[in-house]
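There are 4 protein chains.
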Amino acid sequence: MSGNTFGKLFTVTTFGESHGAALGCIIDGCPPGLELSEADMQRDLDRRKPGTSRHTTQRREADEVRILSGVFEGKTTGTPIGLLIENTDQRSKDYSKIASQFRPAHADYTYMHKYGVRDYRGGGRSSARETAMRVAAGAVARKFLEQRLGIRIRGYLSQLGPIRAEKLDWDQVHQNPFFCPDADKVPEMEAYMDALRKEGDSIGARINVVAENVPPGLGEPIFDRLDADLAHALMSINAVKGVEIGAGFDSVEQKGTEHRDEMTPEGFLSNNAGGVLGGISSGQPIVASMALKPTSSLRLPGRSIDVDGNPVEVITTGRHDPCVGIRATPIAEAMMAIVLMDHYLRHRGQNGDVDVSTPVLGQL
Amino acid sequence: MSGNTFGKLFTVTTFGESHGAALGCIIDGCPPGLELSEADMQRDLDRRKPGTSRHTTQRREADEVRILSGVFEGKTTGTPIGLLIENTDQRSKDYSKIASQFRPAHADYTYMHKYGVRDYRGGGRSSARETAMRVAAGAVARKFLEQRLGIRIRGYLSQLGPIRAEKLDWDQVHQNPFFCPDADKVPEMEAYMDALRKEGDSIGARINVVAENVPPGLGEPIFDRLDADLAHALMSINAVKGVEIGAGFDSVEQKGTEHRDEMTPEGFLSNNAGGVLGGISSGQPIVASMALKPTSSLRLPGRSIDVDGNPVEVITTGRHDPCVGIRATPIAEAMMAIVLMDHYLRHRGQNGDVDVSTPVLGQL
Amino acid sequence: MSGNTFGKLFTVTTFGESHGAALGCIIDGCPPGLELSEADMQRDLDRRKPGTSRHTTQRREADEVRILSGVFEGKTTGTPIGLLIENTDQRSKDYSKIASQFRPAHADYTYMHKYGVRDYRGGGRSSARETAMRVAAGAVARKFLEQRLGIRIRGYLSQLGPIRAEKLDWDQVHQNPFFCPDADKVPEMEAYMDALRKEGDSIGARINVVAENVPPGLGEPIFDRLDADLAHALMSINAVKGVEIGAGFDSVEQKGTEHRDEMTPEGFLSNNAGGVLGGISSGQPIVASMALKPTSSLRLPGRSIDVDGNPVEVITTGRHDPCVGIRATPIAEAMMAIVLMDHYLRHRGQNGDVDVSTPVLGQL
Amino acid sequence: MSGNTFGKLFTVTTFGESHGAALGCIIDGCPPGLELSEADMQRDLDRRKPGTSRHTTQRREADEVRILSGVFEGKTTGTPIGLLIENTDQRSKDYSKIASQFRPAHADYTYMHKYGVRDYRGGGRSSARETAMRVAAGAVARKFLEQRLGIRIRGYLSQLGPIRAEKLDWDQVHQNPFFCPDADKVPEMEAYMDALRKEGDSIGARINVVAENVPPGLGEPIFDRLDADLAHALMSINAVKGVEIGAGFDSVEQKGTEHRDEMTPEGFLSNNAGGVLGGISSGQPIVASMALKPTSSLRLPGRSIDVDGNPVEVITTGRHDPCVGIRATPIAEAMMAIVLMDHYLRHRGQNGDVDVSTPVLGQL
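Read top to bottom, the protein sequences are chains Y, P, H and U.
FYI, full-length UniProt numbering numbers position 154 of the first sequence as 154, with every residue one higher than the one before it.
FYI, full-length UniProt numbering numbers position 70 of the second sequence as 70, with every residue one higher than the one before it.
FYI, full-length UniProt numbering numbers position 168 of the third sequence as 168, with every residue one higher than the one before it.
FYI, full-length UniProt numbering numbers position 115 of the fourth sequence as 115, with every residue one higher than the one before it.
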């Protein structure tokens, strides 16, 4: 398989470039009988959409998704679901400069080395615009998981550059443009982003994502552990440079007595595991965290080379997110949903269905 | 595919339990014509082997690998390579207690929920003993990559609990039982481990792994980015809870002007990217880091439940690594090698061969 | 993977139903740098298109394909190629009867059992309309194979019901609506089809497909032999009930001395093998043949049951091909092209490129 | 994936050469809780074993299989099942001649072109000896299918060269060395084979395989239709040149009214479909047939070339089956079992379990 497909049983294959005609995706393996309409996807697409605040790119895309197949009389049929989003705001501009230069820290240089050609309009296939289709596909998985298993998947921005959220108030997450669960930090973030925009610089971020009520038993050791597939899924999102499950890198300094999550008949007493033991879900909340680097599309000049190997100074103009992490929460949720969906189907294939009548003991 | 296979073109499928008859593996897709003997794998297997110092488990396994197929007259034939390691030190003991209890923070509980049965002898399939076959398979990949492309893959322990290596002296890595590149820290690590063993506790660790001279162009966007596959590979190693590429979680607080690796005609000026841009290798060294949790096999009692849901106090006896990170360096190297090998073949399939005559510009 | 993807490195994933909004497909893994436009695909799509003679269904579909991604400045970029064909002639009709009955020998009954729901409009996903996307994808593979390796893929109808082509004159194949290579048999076929249409019955057919100038070495034993993948590909076409390679079922009565294709320094002396030895191409022409059953959409009544299990008499009205084999030649060619393309890339991945400068010795 | 793995959820990966140390296989994805011992596999292995009559090769292999993992206390655990058969009768002989010649109609020529090297001892990987592991793996699938779904899979030789079985008496199949269901034809076959052996020639055969009580709903359109996967599976068996499902090539001359299997509330009235409609099982018996070519290992001289391209006359000595079809029945059954098992798990993954309490209506 050639890299544009994710999942083994619930498979998502995407196509499309930043400034091409359209983005599209095929979801294969969706169980039949799920009520599904464009509105189910639009909700999440709108959360990811650019241009909803002054802190994201001003590109205007409606990101309206169309279902082209796989749904009949309002329900999935078990056959592949074709999705399409037309690109509407591909601004015509002069790409001649960008075509001959490698922007520092962009995929320009590596795509050119890999393929010998590249679509330089807006980053082509390497643009994060591609993640719109992940969000659409994730919405399908999310709906199924919620209806069938009662799984709830939610994410939030836990850190924007130097500013950390110190409270986790889920109700706040959608009350600000940052997906920040700590209302007290929002003004600070607003000010930080305004200053940054003036400077012309960009900043990194950290996103956490949590899945609750996941039944124990999902995950396929040895290589397709649930956490390994999650790491794969999250690291495949543009700009992600690190992934943690549960205690993550804090585990390095933990002693065994401290890290191990003890159990009682009522459930686990802590969740350093992040909900995964031996690669299999334990019933505890699945907790993952990811680091996003600052975008490299800056109007502050940077040293680079052109396609002939000559030194150049590159300035990136155009419409860019100064913090790609701001719009990444729905994408992280979508990838979590796709991974869980895929593993639920894989588990059911080998082992039969999970017993949804038993309450999940694992909850922290 | 059911989870015990890694790779798309260079595929590694393993079997075997901690106390079963044998461990085995099939490598499929290895290019023909590679000189290969058991000795090529034994070198790495010996580096991972238990019982080589007082700081690791005292289980005695020769870990002697046999090649059963795929090699003829000293060279690979392109057909599948069957490998076998017989288990020789499965100590017979009374497993009745462990059979009915879930050790806290072990896979006992999750395997039971997933499969309804479990091989409780020494952790069965969930034991890190399985990683021996990864090391054997990785040695094949490593040899090919070195001979064909001049790639060098090396790892080291960068942190053992609270003790961080502060120098990176590659020559030191194999001069101590910890794979520590900083000779000055070794006495401290020795003392720390001795104290820990007396306590009966365990500790986490961090391992770094670096691949040098990787040609630009390896990696398959969107989902099978080189870094995503690396994250998958490393997170699939027992006890790993976090993975970073390049600057990793430090990216969260970096500004774009700080993070972006500028280029000159002579190469990159920094390597925050960790050698991967847009999911494709850039020619810079590939740099990954992983966090390993402390083992949960402790003789200090912990609260848990038995298979009937009753509360129990669990004490784990037997032979265990107080720091699984100590033996993890060769495993991380092996997974890096398998990922690069797989991506080299995938790249060659779609795009034709890389030009090995051109020096890699990417070096930092 | 969930059944709607074909190929390992050159992968084709399709979606779409007979009377849905559109058909689509994603080609992933296409080598970069191939000149490609809609016209390259349209040529083959037009050959498969319905309504070009009175002997096929009178449904009017322009089958105009749009490239939505993966092509930039006229060349493939190595990223996924998204293709779309809008359905334009979904005639609105009363489906209430068909919705509650299982047409004999149709997929109605099995889709209902598999998925619990089905899109009954025109057969939904089970309709041969889906093959349009195979033809489009096959055209991409065909173009690459021709330009890069000089491979030529051609098919023809060798038998229509009781009437066998007795001459193989390639120039005749496109001179008649049947893809028949024997001009003498065309009037007989015309008459036969006219009579059949009056009767309201249908008839089977046999299609042969030949690939010339295929380099030796393509095919992956053991399970993904070239002939096994070809059998898979051809049997996956609607209505196909049998596949032969080379001598096929005639091999049953052949002696070894008769079947074996002897060689001289100039090449093979016969081609009972059909170009495949041990699952790997030999350089001889690849020769495959397939049997297509008569369509079961008849206006002559047939006994069946309804969704409640009651006996019913079913009459199928609407626009149908009385011999689905007539339009199957371009589909068989497309699947042959996709299989060869996939195996060429897989071969190149593991073994490096084939040497195209050496003439293929294998030719018969 | 590199060709030595079959199946998506129930995956079988094999290794081993004719004269190597051992044959092996890993079954991944087997449901847990299945009682399994070596004896379950040995029964089928013994049916395939060489040397049980004078009509097969006189190579003596006990073909004793060992289970190395995946079974604990007599039951499968859901983890990979490692199987091993040591080769015991690799007769040492002078291979110098065979090493430099390409035997006509063998894989010698194609393996050499593909890989540049080949293991020429007994055909290496291309030998049908590899099929032993398929039979072992098939036995696991067969046992599960029988216990869980009541599926029965049986095969027979329907034609040996010019001699056709005219009766199908299942009780006779194991009463003669040919798996012939027509006792009256056995003496003729005996005489035919004796004469053939004297001549030094070989002959083709046809094998039929039938699966009864298969629930409706198995098979994944579009590309992974049940019949397409069966064609793949059967064509991947050494020497197979043709595959039919149901009426097969007879469909070419059938009219729609003749071919279509009408239904009544009691079931189908005929089975031209061979149990598959639209790529999905209908509940009717699955009926497949395959053609095996005559072996090309003949002591009658044949024209060929050597590795330098010079003309040579080749005589194949050694121990060979004059009719490979004779031992092929258990192999065909095994592949049928593996395909059905894989599709059952795939179906259960996407759609939930089949209802085994309802009797299968589909029976003919």
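Yeah, the Cβ is synthetic: ideal placement off N, Cα and C, and Gly gets one too.
Simplified DSSP state of residue i, which is helix, strand or coil
i	result
Thr329 of chain U	helix
Gly123 of chain Y	helix
residue 381 of chain H	One cannot answer for residue 381 of chain H here, as it falls past the ends of chain H, which runs 1 to 364.
Ala273 of chain P	coil
residue 366 of chain H	Residue 366 of chain H cannot be examined here, being either before or after the span of chain H that is shown, 1 to 364.
Ser100 of chain Y	helix
Asp261 of chain P	coil
Glu73 of chain H	coil
Glu199 of chain H	helix
Phe178 of chain U	coil
Phe10 of chain P	coil
Ile131 of chain Y	In the sequence as presented, Ile is not what sits at residue 131 of chain Y; that position holds Thr. Thr131 of chain Y: helix per DSSP, three-state reduction.
Asn4 of chain U	coil
Residue i vs residue j beta-carbon contact at 8 Å
i	j	result
Ala228 of chain U	Ser251 of chain H	no
Gly242 of chain P	Val287 of chain Y	no
Ala22 of chain H	Leu68 of chain Y	yes
Arg48 of chain Y	Ala132 of chain Y	yes
Ser304 of chain H	Gly256 of chain U	no
Val135 of chain P	Asn238 of chain P	no
Ala82 of chain P	Phe6 of chain U	Note on residue identity: the sequence assigns Gly, not Ala, to residue 82 of chain P. For Gly82 of chain P and Phe6 of chain U, no; Cβs fall outside 8 Å.
Leu196 of chain U	Val356 of chain U	no
Gly78 of chain Y	Arg346 of chain U	no
Gln254 of chain U	Gly283 of chain H	no
Asp28 of chain H	Thr13 of chain Y	yes
Local Cβ density within 10 Å of residue i, reported as buried at 16 or more and exposed below that
i	result
Gly51 of chain Y	exposed
Glu73 of chain Y	exposed
Lys114 of chain P	buried
Asn87 of chain Y	buried
Arg60 of chain U	exposed
Ser53 of chain H	exposed
Spatially closest choice to residue i from the options, by CA coordinates
i	options	result
Asp299 of chain Y	Y:Ser289, Y:Pro322 and Y:Ile305	According to the sequence shown, residue 299 of chain Y is Arg rather than Asp. Selected option, being the one with the closest Cα: Y:Pro322.
Asp182 of chain Y	Y:Gly204, Y:Ala165, Y:Asn176 and Y:Tyr192	Y:Ala165
Glu64 of chain Y	Y:Ser158, Y:Val276 and Y:Gln42	Y:Gln42
Tyr156 of chain P	P:Asp194, P:Ile326, P:Ala191 and P:Ser304	P:Ile326
Ser281 of chain Y	Y:Asn213, Y:Val307, Y:Asp353 and Y:Arg303	Y:Asn213
Ala62 of chain H	H:Arg129, H:Thr77, H:Phe10 and H:Cys180	H:Arg129
Gly19 of chain P	P:Gly256, P:Tyr120 and P:Glu199	According to the sequence shown, residue 19 of chain P is His rather than Gly. For the residues P:Gly256, P:Tyr120 and P:Glu199, the minimum Cα distance to His19 of chain P belongs to P:Tyr120.
Ala337 of chain Y	Y:Ala141, Y:Pro265 and Y:Gln175	Y:Ala141
Glu266 of chain Y	P:Val276, P:Asp308, P:Val240 and P:Tyr111	P:Asp308
Phe80 of chain H	H:Ser53, H:Glu35, H:Thr11 and H:Asp40	At residue 80 of chain H the sequence reads Pro, which differs from the Phe that was named. Of the candidates H:Ser53, H:Glu35, H:Thr11 and H:Asp40, the one whose C-alpha sits nearest the C-alpha of Pro80 of chain H is H:Thr11.
Gly116 of chain P	P:Gly122, P:Arg154 and P:Ser100	P:Ser100
Arg152 of chain U	U:Pro162, U:Ala139, U:Gln350 and U:Pro32	U:Ala139
Phe223 of chain P	Y:Thr329, Y:Ala231 and Y:Glu333	Y:Ala231
Met290 of chain U	U:Ala195, U:Ser158 and U:Gly123	U:Ser158
His343 of chain U	U:Asp306, U:Val173, U:Asn208 and U:Phe144	U:Phe144
Glu188 of chain Y	Y:Gln284, Y:Leu160 and Y:Gly283	Y:Leu160
| said: Three Cβ pairs or more, each shorter than 8 Å: is that satisfied between the segment 97 to 110 of chain Y and the segment 245 to 262 of chain P? | reply: yes
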